[in-house]
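This report concerns only the one structure given below.
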Amino acid sequence: EAGVAQSPRYKIIEKRQSVAFWCNPISGHATLYWYQQILGQGPKLLIQFQNNGVVDDSQLPKDRFSAERLKGVDSTLKIQPAKLEDSAVYLCASSSSLNTEAFFGQGTRLTVV
Amino acid sequence: QKEVEQDPGPLSVPEGAIVSLNCTYSNSAFQYFMWYRQYSRKGPELLMYTYSSGNKEDGRFTAQVDKSSKYISLFIRDSQPSDSATYLCAMSGVSNFGNEKLTFGTGTRLTIIP
Chain A
1 EAGVAQSPRY KIIEKRQSVA FWCNPISGHA TLYWYQQILG QGPKLLIQFQ
51 NNGVVDDSQL PKDRFSAERL KGVDSTLKIQ PAKLEDSAVY LCASSSSLNT
101 EAFFGQGTRL TVV
Chain B
1 QKEVEQDPGP LSVPEGAIVS LNCTYSNSAF QYFMWYRQYS RKGPELLMYT
51 YSSGNKEDGR FTAQVDKSSK YISLFIRDSQ PSDSATYLCA MSGVSNFGNE
101 KLTFGTGTRL TIIP
């Protein structure tokens, strides 16, 4: 079974630029998460989808972050404009349903300079 | 108060020792408890998954949940240098906002000394 795929693995941008991350979850997994992990901290949930509907986006900075999950499969997370404090690893995870184990991708390491 | 508290360490132990990692939580609605292992520059890897109170064993790893004390533990027996990583506890259930989500601790950085 293929795991969660994310791209790109690394990205360096200047502040105020825009960036997008892509995630392909495990086949058949209805729940998809985007987490932000700052160095030395645990992952923080940004947004959670159930199929293509948003379950929780309470911690998503909506003035600059947006996410979508078209057709309930792949998902993209966008930041526009980026700030220095957005430097982090962005992790995508999926699970077969709410309240079951989540499987993570390798993450995208974003550096904003 | 954070929903999930975890000692960030770092924790260093000699090879072969028993390691104990712990988390406490405040949300009594949490029902599912997980431990993830994260190597440097990698995504978290699911190690153990338990539901409600009790123990679960998998090889050298034992996960323990005490819902009455809101306390979970991960024990690693016969620790190996390859166990050196950051260990994250995570839990899910109905959140304070009324919906379900996965909440992580900050992670404990563990080093096994050969």
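Residue numbers (my numbering), protein chains in the order written: chain A, 1 to 113; chain B, 1 to 114.
Every residue, glycine too, gets a C-beta built ideally from N, C-alpha and C.
Keep in mind it's a predicted model, so treat the numbers as computed, not measured.
Distance between beta carbons of residue j and residue i, contact taken as under 8 Å
{"i": "B/L11", "j": "B/R77", "result": "With a Cβ gap of about 16 Å, B/L11 and B/R77 do not count as contacting."}
{"i": "A/V89", "j": "A/G107", "result": "4 Å"}
Residue of the options minimising C-alpha distance to residue i
{"i": "B/P81", "options": "B/D58, B/Y39, B/Y25", "result": "B/Y39"}
{"i": "A/F49", "options": "A/A67, A/A82, A/S18", "result": "A/A67"}
{"i": "A/A30", "options": "A/Q41, A/N52, A/I13", "result": "A/N52"}
{"i": "B/F33", "options": "B/E5, B/A85, B/V65, B/N22", "result": "B/V65"}
{"i": "A/V112", "options": "A/A5, A/K11, A/S7", "result": "A/K11"}
{"i": "A/W22", "options": "A/K62, A/S7, A/G28, A/D63", "result": "A/S7"}
{"i": "A/K78", "options": "A/P25, A/G28, A/C92", "result": "A/C92"}
{"i": "A/R69", "options": "A/S58, A/V54, A/K62, A/E14", "result": "A/V54"}
{"i": "B/N22", "options": "B/G16, B/P14, B/V4", "result": "B/V4"}
{"i": "B/I113", "options": "B/D83, B/G107, B/Y87, B/K70", "result": "B/D83"}
{"i": "B/S53", "options": "B/A63, B/G105, B/G59", "result": "B/A63"}
{"i": "B/L102", "options": "B/K56, B/Q31, B/P8", "result": "B/Q31"}
{"i": "B/F75", "options": "B/S92, B/Q6, B/R60, B/V13", "result": "B/R60"}
{"i": "A/S75", "options": "A/R16, A/P61, A/E14, A/A20", "result": "A/A20"}
Beta bridge counterpart(s) of residue i as assigned by DSSP
{"i": "B/N55", "result": "B/Q64"}
{"i": "A/K78", "result": "A/A20, A/S66"}
{"i": "B/P14", "result": "B/I113"}
{"i": "A/I47", "result": "A/W34"}
{"i": "B/S73", "result": "B/N22, B/Q64"}
{"i": "A/L110", "result": "A/K11, A/A88"}
{"i": "A/Q6", "result": "A/C23"}
{"i": "B/Y131", "result": "Missing from the structure shown is residue 131 of chain B; chain B here goes from 1 to 114 and no further."}
{"i": "B/Q6", "result": "B/C23"}
{"i": "A/S94", "result": "A/L32, A/F103"}
Scan the stretch 11 to 26 of chain B for residues whose Cβ lies nearer than 9 Å to a Cβ of chain A and list them as they occur along the chain. none
If the cut-off is 9 Å on Cβ atoms, which residues from the stretch 62 to 82 of chain B count as contacting chain D, listed in chain order? In the displayed structure, chain D is absent; the protein chains listed are A and B.
With a cut-off of 8 Å, do at least 3 Cβ pairs link the stretch 18 to 27 of chain B to the stretch 30 to 49 of chain A? no
Interface positions of the stretch 24 to 58 of chain A facing chain B (Cβ-Cβ less than 7 Å), listed along the chain: Y33, Q41, G42, P43, L45, Q48, V55, D56, S58
For the stretch 78 to 110 of chain A, which residues have a CB atom closer than 9 Å to at least one CB atom of chain B, in sequence order? V89, L91, C92, A93, S95, L98, N99, T100, E101, A102, F103, F104, G105, Q106, G107, R109
Interfacial residues, the stretch 25 to 56 of chain B to chain A, with Cβ spacing under 8 Å: Q31, Y32, M34, Y36, R41, K42, G43, P44, E45, L46, Y49
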